[in-house]
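Taking it in order: structure first as structure tokens, then the write-up.
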Amino acid sequence: MTPASIAHGRPVASRQAGGNPGAAFSSVVHAEWIKFRSVRGWVIGMIVAALLTLLFGVFLAGNASIGCGPTLSGRACLPKVPIGPGGEAVTDSFYFVRQPLSSSGSLTVRVTSLATRISGGGQAGPVGQGPRNPLADMYKGTVPWAKAGIIIAASTRQGSSYAAVMVTGSHGVRMQYDYVHDAAGLAGEVSQAAPRWLRLTRHGDVISGYDSADGKHWELVGTATLAGLPGTVQAGLFATSPSYNKLQPFFGGAHIQGGPSQATAVMDNITLRGHWPAARWTGDNIGGHGNSPGTGVGDFRQSDGAVTVSGSGNIAPLVPGPGFYPTATIERPLSVIFIGLIAVVVVAAMFFTAEYRRGLIRTTLAAMPGRGRVLAAKAVVVAGAAFLTGLVASVIAVPIGISRARNQGQYVLPVSVLTEMRVLAGTAAMVAVAAILAVAVGAILRRSAAAVTTVIVLIVLPFLLSVTVLPDGAADWVLRLTPAAGIAIEQSIPNYSDVSSLAGPAGGAYPLTPWAGFGVLCLYATVALAVAAVLLRLKDA
Amino acid sequence: MRALPSERPGAAAQAGNRAVPEPAGRHAMPQPALTASRDALRAEWLKLRTVSSSAWLLAGMVALTVGVGAAVMAANRCPAGTTCLEDTTKLSLAGIQAGQVVVAVLAVQAVTSEYSTGMIRTTLTAMPRRGLLLAAKALLVAALVLAAAVVAVGASMLAGWLILPGHGYTAAPGFTGLSLADGPVLRATIGSVVYLGLIALLSLGIGTLVRDSAVAIGTAIGLLYLFPVVEAFVSNPVWQRRLERYSPMAGLNIQATTDLKGLAIGPWAGLGVLAIWSAAALLAGGLALRLRDA
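Chains as they are written, first to last, in our numbering: chain A, 2 to 542; chain B, 442 to 735.
Right, dumping it as structure tokens:
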């Protein structure tokens, strides 16, 4: 039932059903709705909340035009980003030593070494110009998510469906498929003394990955079903290594250091089963033609049955935060929701406390002795109004924000329609639950000043501290335990465990999953409502 | 409100008798300025002193400042053998970001509570010179906040002195310690006290302008936090700099003791920006007080 339909559906006189404890809940809600809508300041407060969010949101979405080259800027600089099978933006750059496999079959190798070299020359070159002097001044170092091993891919097109089993820099053996799926196998680093045997088997659409320390005892790491895999697939050996970024902490900010890196792996004991018509290896630098993360340089050598592959880039989802592409998320304009939230909290807290100040509470309770119902009705009315406010702000701010960001050359990470709806409606729901929390705290404290301060300090201050003065670990705990956790409902791109992301809360990466974060906020609101209901019953008005 | 009912009528009547010979005449008989200001100060002091919430709020401000500051310090650690670029003075005084909220509440309440109870009409009858009234309130609120701020800032520095060396912030990585004999540290310490005083004046101005406690508190806190929240999300360095320079919280730059060249605005200039915000808010509040009916 929307507040608007109640307002026009019933005469005001229904309030005079007063004194009747059995009065329908809808008439209590109706009475509260009339109170809400007839105080001009409260309605203005909600409009101010929506306008503040909109104004700052649209400003935030695009305030930096990207330049690429002497004459190009804005939309012309948008990168061509490959899209994975799940519709997500991906990075798909690696060196591929392949041959076609036109039936079911299997591929087995032994990996004896994985070495990585890191560029010391800082960031990659400007977008569109390719990296500068990629192999100069590189030094040996560990890249945790450098990857090398065997892969079966639908084609050599970037973003195509694949399954791979690999050794990594410091995360052991992994089986990964279609960019977002990751399973762990044998732990420990690969070396001459501790080689890793890897095997992929294909039966139609189903690909299974195995690992072994000795080539005799095999363990299943994972199984992938790649829907729509063509009859002839490309299979073989690969190596890649993501840009190496390190955040040098600095009070109130951070400097980013790093650059592209390169992985070189040695594999031998290569065994092929099934129908491999080409009977020889071809080397391909997938995505290695200038405009891609990494050095753009890759190579392979064969000698005595061993293959040495080196490559640079990554096979992973693209995440927000500092990186090769200037990226933005759809929820970026909504990150200032806290500013609008302050206005909503003020209105919501006053919605209850104003009754005490004016003595109206005694009239209200004489008319409707069911105190729990009055509280519930107030919560419903305020939540409805706050939801509407949040929804209007987000539904307008997000599309404008996306188009502004694109016009300025920022790549907006695509998400599914369902995710977009969750971000929009979830933001509105977060505002609504925060408003319920404010109503409940208002009912507990009975003083508007105290209630407004308490709720703002509970929601806005933790968030502010975690994006400014707190170090990462502490900030994560603050965003798990305080009502500020609710902001997680806005996060559209998940935190992938296998992608080193530097985006903290300010980059839109929160420690809890969207619904868990929202749940924490709901928990606070529920507890506050319960305390308020008990206190209302126990204390005289 | 313990002592209020017994003392209030006497004080108000007394002040009323002297200040307003004819109840209607705002411009009647100019009083010797000194006596009028002394009466205004005395009356406002009585109000502030006898409301129990003032003491609670000041104690709460100290507790929140020191508590949040200690928590932030406890969360930060400089691992051995690494270079940490943290500004230890700023770290010790981080609790001010939370404590300032309570200062805002106290200062806003000093004026808005008069409106919510209707007391303002009695006050203005007794003291028709509205500018003087606001000045008296400002002076007393600022004095109270400054006194409490000395305790809060002092205790925060003490906490920093106790906690930080245990977290790797020792002389080895280049931290000078938190000696008040060090010029920048002394400036940060005194400046933080002044910062809280200016926040009180800013909030008092907003309270006078808005008159409703909840809306005024929301406005004051919103104004303080708006700039840093937006700044955290802005990617454009030009705008980042602008937001940092012109926000009321630019005043917190007074806490910086290292990398002063990297600041968008210098320590004293930042405090000056806050002073301008406070002066503007007081001026707007004072004008509104003069021009509007109570």
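The C-beta atom is built at its ideal place from N, Cα and C for all residues, glycine as well. Since the model is a prediction, treat every value here as computed from it, not as a measurement.
| Query | Result |
| --- | --- |
| N- and C-terminal bounds of the beta strand (DSSP E) containing P101/A | 91-102 |
| Distance, V91/A Cα to A499/A Cα | Before going on, a small fix: residue 499/A reads as Asp here, not Ala. In a straight line, the C-alpha of D499/A is about 13 Å away from that of V91/A. |
| Where V347/A meets chain B, residues with beta-carbon distance less than 8 Å | A655, V656, I658, G659 |
| Per-residue burial, V626/B [other beta carbons within 10 Å of its own, 16 or more giving buried] | buried |
| Chain A contact for S478/B (CB, 8 Å cutoff) | no |
| Same chain only: Cβ atoms within 6 Å of A485/A, ignoring 5 sequence neighbours per side | I460, P463, F464 |
| Closer than 8 Å to chain B by CB, M47/A | no |
| Coil, strand or helix - L513/A by DSSP | coil |
| 8 Å Cβ cutoff, Y610/B in contact with chain A | no |
| 8 Å Cβ cutoff met for L376/A and A533/A | yes |
| Chain A residues whose Cβ lies nearer than 7 Å to that of S557/B | R358 |
| Per-residue contacts from Q538/B into chain A (C-beta, under 8 Å) | L462, L465, L466, T469, V470 |
| Chain A contacts made by the segment 661-688 of chain B, where a contact means CB separation under 7 Å | I662, G663, Y666, L667, P669, V670, V671, A673, F674, V675, S676, N677, W680 |
| Per-residue burial, D93/A [other beta carbons within 10 Å of its own, 16 or more giving buried] | buried |
| C-beta neighbour in chain B for M1/A, strict 8 Å | Here chain A has residues from 2 to 542 only, and residue 1/A is not among them. |
| Among E33/A, R538/A, W478/A, S103/A, nearest to A280/A - alpha-carbon criterion | S103/A |
| 3-residue-minimum beta strand (DSSP E) runs that sit fully inside the segment 173-229 of chain A, ordered along the chain | 174-178, 182-185, 197-204, 207-213, 220-226 |
| Where A589/B falls, given that 16 or more other Cβ within 10 Å makes a residue buried | buried |
| Proximal chain B residues relative to I1/A, where beta-carbon distance stays under 9 Å | In the structure displayed, chain A extends from 2 to 542; residue 1/A sits before or after that span and is not available. |
| Distance between beta carbons of V144/A and A264/A, contact taken as under 8 Å | 7 Å |
| Outcome for I338/A when other beta-carbon atoms lying within 10 angstroms are tallied against a minimum of 16 | buried |
| Positions along the segment 317-342 of chain A whose CB lies within less than 9 Å of some CB in chain B | P327, A329, R333, S336, V337, F339, I340 |
| Residue of S494/B, D700/B, A515/B, T699/B minimising C-alpha distance to V543/B | S494/B |
| Test item: CB-CB of A225/A and Y178/A under 8 Å | yes |
| is_contact[T428/A, chain B] using C-beta, thresh 8 Å | no |
| Residues that A516/B contacts on chain A, provided the C-beta gap is smaller than 8 Å | L471, P472, G474, A475 |
| Run of the beta strand (DSSP E) containing Q303/A, from where it starts to where it stops | 300-304 |
| Host alpha helix (DSSP H) of M514/B (start-end) | 493-516 |
| Any C-beta of chain A under 8 Å from that of Q696/B | no |
| Nearest neighbour of L199/A, chosen from I151/A, L230/A, G205/A [CA to CA] | I151/A |
| Distance between I561/B and P569/B (C-alpha atoms, nearest Å) | 11 Å |
| Host alpha helix (DSSP H) of N408/A (start-end) | 372-408 |
| Which listed residue (W146/A, G160/A, P196/A, L55/A) has its alpha carbon closest to that of S545/A | For chain A, the structure presents residues 2 to 542; residue 545/A sits outside this window and is missing. |
| Residues that V453/A contacts on chain B, provided the C-beta gap is smaller than 7 Å | A655, I658, G659 |
| CB of Y96/A within 8 Å of CB of G284/A, strictly | yes |
| Inter-residue spacing [alpha-carbon to alpha-carbon] between Q193/A and H218/A | 18 Å |
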